[in-house]
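All remarks here apply to the structure that follows.
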Amino acid sequence: CGVPDNAHNYPLAQTTFYTQLQKAGYKVMSVGKDDLSQLNAGWAKHEEANARALGFSQWSRCFGKMDTVRVHGHNPWEIYGKYLDRKSVWRRHKGDFAHRINDKEYFNFEPTFHEEEDYQDNWI
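At position 39 of the sequence shown the residue is numbered 48 (our numbering), and the sequence of numbers has no breaks.
Structural data, given as structure tokens:
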């Protein structure tokens with residue numbers, strides 16, 4: 010498909026398995042963190058257009074552990090950030106990842122303070 014790793018986007022104009030399913034009459038839903046188009050400029054603002062271009066008729070997006078810190082700023086507004094906020098660990102999570110991230114890469118692999126169920130960002 011021309012995408013060697015998740016540091017590259019899936020080309021939005023390229024046909025996907027999901028678009029083929031839609032053409033066959035299926036409703037296709039993405040739930041969680043898909044990493045297919047997160048590097049597109051302004052991807053958080055263009056979530057609906059990106060999801061539809063990839064072939065999803067419905068979606069519930071989760072930004073994930075690192076991107077939720079990059080995108081949210083001070084107030085979490087997507088599902089994983091809100092989940093951490095409800096558990097009263099959002100500020101601690103934000104501080105933890107602020108010292109783990111350097112130039113958009115992980116350089117700190119210390120154990121997390123999160124309970125296992127809170128660290129699973131793909132299927133909340």
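Beta carbons are placed, not taken as given, at the ideal position from N, Cα and C, and that holds for glycine.
Please read all numbers here as calculations on a predicted model, not as lab measurements.
Residue i bridges to which residues according to DSSP?
i	result
R70	G41
Going by the CB atoms, is the gap between residue j and residue i shorter than 7 angstroms?
i	j	result
T24	L63	no
F65	S97	no
K103	G73	no
F106	V78	yes
So, helix, strand or coil for residue i, using DSSP?
i	result
F26	helix
A62	helix
V12	coil
E87	coil
Would you verify that the beta carbon of residue i is, or is not, closer than 7 angstroms to some beta carbon of chain B?
i	result
A22	The structure shown contains no chain B; it is built from a single protein chain.
Just the C-alpha distance for residue i and residue j, rounded to the nearest angstrom, thanks.
i	j	result
W86	G11	32 angstroms
H108	L21	33 angstroms
V37	D76	24 angstroms
E56	K91	18 angstroms
D94	Q67	25 angstroms
Q129	K32	32 angstroms
F118	N59	31 angstroms
Y19	R70	16 angstroms
I88	D44	16 angstroms
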